[in-house]
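In our numbering, the protein residues as written are 28 to 127.
Think of the CB as a built atom: it goes at the ideal place given N, C-alpha and C, for glycine as much as any other residue.
The block underneath contains the structure these notes are about, expressed in structure tokens.
Written out as structure tokens, the structure is:
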């Protein structure tokens, strides 16, 4: 029988206790972060380009860009548009609210 039972070979995850000081430090850094919403991303501009442009204002911790819908991309490519990825909107998280 090719179907073997894999439940017996699963490894248990190690549970580590978090130290109070590290969680307080992490929560403090979360409170200091500032998020900027980008309502429109120009064509041919990806996360790397956004990061280089906005890095002049402050240190960036995270960037999230939403890709365009697959059906919209298919229509655009069929109509003769570029085949590269395009993004519709995004969020940039700076390490300080003042920079944001």
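Exposed or buried, residue i, counting other C-beta atoms within 10 Å across all chains shown (16 or more means buried)?
i           : result
residue 45  : exposed
residue 114 : buried
residue 65  : buried
residue 119 : buried
residue 53  : exposed
Give the single residue among the options whose Cα lies nearest to the Cα of residue i.
i           : options         : result
residue 71  : 110, 98, 59, 83 : 110
residue 123 : 38, 47, 56, 41  : 56
residue 94  : 116, 59, 75     : 116
Can you give the beta carbon distance from residue i to residue j, rounded, assuming they're within the 8 angstroms contact cut?
i          : j          : result
residue 90 : residue 77 : 6 angstroms
Is residue i helix, strand or coil by DSSP?
i           : result
residue 119 : strand
residue 62  : strand
residue 89  : strand
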